[in-house]
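First up is the structure itself, then whatever we jot down about it.
Protein chains: 2
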Amino acid sequence: MARAVQNENSLLRKIERIRGRQLASGVILGIGDDAALFRPTSGREMVLTCDWFLEGTHFLSDKHPPASIGWKCLARAISDVAAMGGAPKCFLLSLALPNFRTSRWLDEFLRGLDRASRRFHCPLAGGDTTERNEILINITVVGEVRTGRALLRSGIRAGDIIYVSGRLGEAELGLRRLRQAKKIASIKSPLLRKHLYPEPRVRLGRWLAEKRLVTAMMDLSDGLSSDLPRLCEASRVGAVVHAAKLPSLPKTHLADISDSDALQLALHGGDDYELLFTVPPRKARRIPPLLDGLPLTAIGLITRDRRILISEGNGNTHALPAHGWDPFRKAAKKISI
Amino acid sequence: MARAVQNENSLLRKIERIRGRQLASGVILGIGDDAALFRPTSGREMVLTCDWFLEGTHFLSDKHPPASIGWKCLARAISDVAAMGGAPKCFLLSLALPNFRTSRWLDEFLRGLDRASRRFHCPLAGGDTTERNEILINITVVGEVRTGRALLRSGIRAGDIIYVSGRLGEAELGLRRLRQAKKIASIKSPLLRKHLYPEPRVRLGRWLAEKRLVTAMMDLSDGLSSDLPRLCEASRVGAVVHAAKLPSLPKTHLADISDSDALQLALHGGDDYELLFTVPPRKARRIPPLLDGLPLTAIGLITRDRRILISEGNGNTHALPAHGWDPFRKAAKKISI
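Each protein sequence line maps, in turn, to chains C and R.
Everything in the first sequence is counted per our numbering, starting at 1 for the first residue and increasing by one.
Everything in the second sequence is counted per our numbering, starting at 1001 for the first residue and increasing by one.
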């Protein structure tokens, strides 16, 4: 039977089991010393990112399975590395939790974390633990990208075509379903899969960086209507998005919601971790409609005029309000998940 | 007048001001994109560490000046890099805080953080922010060390001499004084200085690594009686510490506490961020009693026998109980500070 830990060392021993194939990834010293040691690959720059994942703010411990919390905290941090065109190399885990969570909950959490770590070839290199009345998680991911090849948010030109990967709104729909549930969600529900187990688009990001097809890129974490303005702001441009082109949810998912709902989900739903990127028109023919089964869809155009517009057809074009997630905006939902 | 922020972007603009001299330190892309980019120096390994600094666990917002919280959250993470013999290169800040803290409190916090960042040549490279009912801080520091020269906890041999830098117990005494205070502590109190503004021993750590004088090293964050067993455990050795040799507090600090209290503070007091290291006897003459004004003191010997003993003179040698800080031990104090 799983037991609560007696001290910090025994907690570290539990965590240490998931270290994965460190050496292959450049980690030459992992958990157990004051810091980890990582040997960078020559000709590469390091991609550095960190991400909060907090009980009550980003997940609910009475609704989210611990394995999903473990998977998702790492997957969403890796998504930031994917968004630069980088490859994840290792991560640090900062974990604060109540003592009663150090037995079964922790084991399940570590199982999900370990699965994501193996799936994305991103071993655990180190971290910090402490006791706390709530579960607090912070993940740092270290990645690598060929020198000079990182894809930034800036660099867009007017006339570039805006693309997204995958489908938009699915994670938000999963969240709605989860909120209606009375207890911890089943891991196997296909409708919840994208909310519980998002897939950072590492392979796509690296492919786009290697092929030099892209002028700018970011990942969609807060929703298209909040993230697209950030991308445009970095390049001092605007955009027109064509509603009809958005890869919103397929009808099979939508028995109980309208087309207009599906559009709202695609525009404002968070947590999709798809990639949003811009491609010069002359390179657009080199973007396939599917890459390894993942749809890549042109959804609009970059404009010199710095407004962010949505065209709903019939000449009906209007400003796209940013209704995605912002933890500090007064009108923001209190809980992002 | 300082104002609370209206959204996450305006918070980021406040934080961005403290980025420091990024380029000189290898940071080629800082705040404002999905991740930061860092160009490693050739022939160096990366030192990676992260550290919690949480309201109520590591600091009290009604006692600790916000500038001290800013300084200390970075200084203690840098101390882990110093403990490997590395040089800090940049850091990531994860900050969660209530909206009412985003005006004056945040400005003061950032002032302290900025000072530490400049003092230790460790610019801000990126981070993550969110709103939360308590102040949560997590710091990741990226450092560098010449390939193969990092000083680990393992590598000690029986007969090695145990050294510590500085004085022990001063930070814990400062904490006692702070607890007695009725309000936010004055930044200028010399008795509180080491508790509020600890100085990671970066220069000493790098000097020891460059000169190859040391078999193992770590920093003292939880107290000698808790940290020395960890150092010994990593090398499967034991130790005898000589009480009389411990660099405890000078009499001037101790008007109201006894010699025995001073010994307890030196053995079990946390937060000193001094370096603990072991030196082979044949190299001991190359360790000066002072390095740039910082005392280096031999306090005991490494033994083959794996116990941790303290010798109080007159043949009175007994086991040294680990009474430092451990957040998960049942008998641990609820608050480490």
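All C-beta atoms, glycine included, are put in the ideal place defined by N, C-alpha and C.
Determine the direct distance from the alpha carbon of residue j to that of residue i, and round the result to whole angstroms.
{"i": "Leu1093(R)", "j": "Leu204(C)", "result": "28 Å"}
{"i": "Asp1271(R)", "j": "Gly1169(R)", "result": "8 Å"}
{"i": "Pro247(C)", "j": "Glu45(C)", "result": "33 Å"}
{"i": "Ser1042(R)", "j": "Gly26(C)", "result": "15 Å"}
{"i": "Arg286(C)", "j": "Asp305(C)", "result": "27 Å"}
{"i": "Gly112(C)", "j": "Pro66(C)", "result": "7 Å"}
{"i": "Asp1114(R)", "j": "Ile1135(R)", "result": "18 Å"}
{"i": "Ala1158(R)", "j": "Pro1295(R)", "result": "24 Å"}
{"i": "Arg236(C)", "j": "Ile162(C)", "result": "15 Å"}
{"i": "Pro1289(R)", "j": "Lys1283(R)", "result": "13 Å"}
{"i": "Leu1220(R)", "j": "Ser165(C)", "result": "48 Å"}
{"i": "Cys50(C)", "j": "Leu1175(R)", "result": "31 Å"}
{"i": "Pro229(C)", "j": "Val241(C)", "result": "11 Å"}
{"i": "Trp1105(R)", "j": "Arg1201(R)", "result": "28 Å"}
{"i": "Arg1021(R)", "j": "Glu1233(R)", "result": "39 Å"}
{"i": "Gly155(C)", "j": "Arg1076(R)", "result": "38 Å"}
{"i": "Asp292(C)", "j": "Arg167(C)", "result": "15 Å"}
{"i": "Leu1275(R)", "j": "Ile137(C)", "result": "29 Å"}
{"i": "Thr297(C)", "j": "Phe59(C)", "result": "30 Å"}
{"i": "Phe53(C)", "j": "Leu97(C)", "result": "12 Å"}
{"i": "Asp1034(R)", "j": "Arg153(C)", "result": "8 Å"}
{"i": "Gly269(C)", "j": "Ile1015(R)", "result": "27 Å"}
{"i": "Ala1322(R)", "j": "Pro40(C)", "result": "37 Å"}
{"i": "Arg118(C)", "j": "Val145(C)", "result": "19 Å"}
{"i": "Leu1301(R)", "j": "Leu1023(R)", "result": "44 Å"}
{"i": "Leu231(C)", "j": "Ala116(C)", "result": "28 Å"}
{"i": "Arg13(C)", "j": "Phe38(C)", "result": "21 Å"}
{"i": "Ser1068(R)", "j": "Thr1147(R)", "result": "34 Å"}
{"i": "Asn314(C)", "j": "Ser258(C)", "result": "20 Å"}
Starting from residue i and walking both ways along the beta strand (DSSP E), at which residues does that stretch end?
{"i": "Ser1165(R)", "result": "Ile1161 to Ser1165"}
{"i": "Phe1053(R)", "result": "Arg1044 to Leu1054"}
{"i": "Ser311(C)", "result": "Ile308 to Ser311"}
{"i": "Glu274(C)", "result": "Glu274 to Val279"}
{"i": "Pro295(C)", "result": "Leu294 to Thr303"}
{"i": "Leu29(C)", "result": "Val27 to Leu29"}
Could you check if residue i belongs to the surroundings of the ligand SAH, using beta carbon to heavy atom distance under 7 Å?
{"i": "Leu309(C)", "result": "The ligand SAH is not part of the structure shown, which contains no ligands of any sort."}
Grab the span of the alpha helix (DSSP H) containing residue i for me, first residue to last.
{"i": "Cys1232(R)", "result": "Leu1224 to Ser1235"}
{"i": "Ala1158(R)", "result": "Note, Ala1158(R): premise wrong, no alpha helix (DSSP H); not H, not E."}
{"i": "Ala96(C)", "result": "Unbroken run through Ala96(C) is the beta strand (DSSP E), Ala87 to Leu97; no alpha helix (DSSP H)."}
{"i": "Gly70(C)", "result": "Pro66 to Ala82"}
{"i": "Ile1015(R)", "result": "Glu1008 to Glu1016"}
{"i": "Phe38(C)", "result": "Premise fails: Phe38(C) lies in the beta strand (DSSP E), Ala36 to Phe38, not in any alpha helix (DSSP H)."}
{"i": "Leu110(C)", "result": "Arg104 to Arg119"}
{"i": "Gly1174(R)", "result": "Glu1170 to Gln1180"}
{"i": "Glu1268(R)", "result": "Note on residue identity: the sequence assigns His, not Glu, to residue 1268(R). Residues Asp1259 to His1268."}
Kindly list the residues whose CB is nearer than 7 Å to the CB of residue i, restricted to its own chain and excluding five residues on each side of it in sequence; keep chain order.
{"i": "Glu1008(R)", "result": "Thr1129"}
{"i": "Leu48(C)", "result": "Val142"}
{"i": "Leu178(C)", "result": "Lys63, Ala185, Leu192 and His195"}
{"i": "Leu11(C)", "result": "Val5, Thr102 and Thr129"}
{"i": "Ser61(C)", "result": "Glu55 and Ile135"}
Which residues in the same chain as residue i place their Cβ atom closer than 8 Å to its Cβ, once the five residues preceding and following it in sequence are excluded?
{"i": "Leu151(C)", "result": "Ala83, Met84, Gly85, Gly205, Leu208, Ala209, Val214, Ala216, Met217 and Phe277"}
{"i": "Ala1036(R)", "result": "Val1027, Leu1029, Gly1030, Cys1090, Leu1092, Ala1125 and Gly1126"}
{"i": "Arg149(C)", "result": "Gly85, Ala209, Glu210 and Arg212"}
{"i": "Lys1183(R)", "result": "Asp1062 and Lys1063"}
Are the CB atoms of residue i and residue j nearer to each other than 8 Å?
{"i": "Glu1172(R)", "j": "Ala1243(R)", "result": "no"}
{"i": "Leu1124(R)", "j": "Ile1018(R)", "result": "yes"}
{"i": "Leu74(C)", "j": "Ile31(C)", "result": "no"}
{"i": "Pro1057(R)", "j": "Arg212(C)", "result": "The question names Pro, but residue 1057(R) in the sequence shown is Thr. Not closer than 8 Å, so no."}
{"i": "Gly70(C)", "j": "Phe100(C)", "result": "no"}
{"i": "Ala1185(R)", "j": "Leu1196(R)", "result": "yes"}
{"i": "Leu1320(R)", "j": "Ser1260(R)", "result": "no"}
{"i": "Asp256(C)", "j": "Gly324(C)", "result": "no"}
{"i": "Gly238(C)", "j": "Thr317(C)", "result": "no"}
{"i": "Leu263(C)", "j": "Gly223(C)", "result": "no"}
{"i": "Asp1160(R)", "j": "Pro1280(R)", "result": "yes"}
{"i": "Ile308(C)", "j": "Lys245(C)", "result": "no"}
{"i": "Pro190(C)", "j": "Tyr273(C)", "result": "no"}
In chain order, what residues of the same chain lie with their CB nearer than 6 Å to the CB of residue i, ignoring the 5 residues before and after it?
{"i": "Pro88(C)", "result": "Ile78, Val81, Phe120, Cys122, Val141 and Gly143"}
{"i": "Ile1335(R)", "result": "The predicted position of Ile1335(R) is uncertain, since its pLDDT is 40 and thus under 50; a value taken from the coordinates is nonetheless stated next. Result list for Ile1335(R): empty, nothing under 6 Å."}
task: Counting only runs of 3+ residues fully inside the stretch 1184-1221 of chain R, write out the beta strand (DSSP E) ranges in chain order.
output: 1216-1220
query: Enumerated in chain order, which unbroken segments of the beta strand (DSSP E) with a length of 3 residues or greater are wholly contained in the stretch 1122-1154 of chain R?
result: 1124-1131 and 1136-1146
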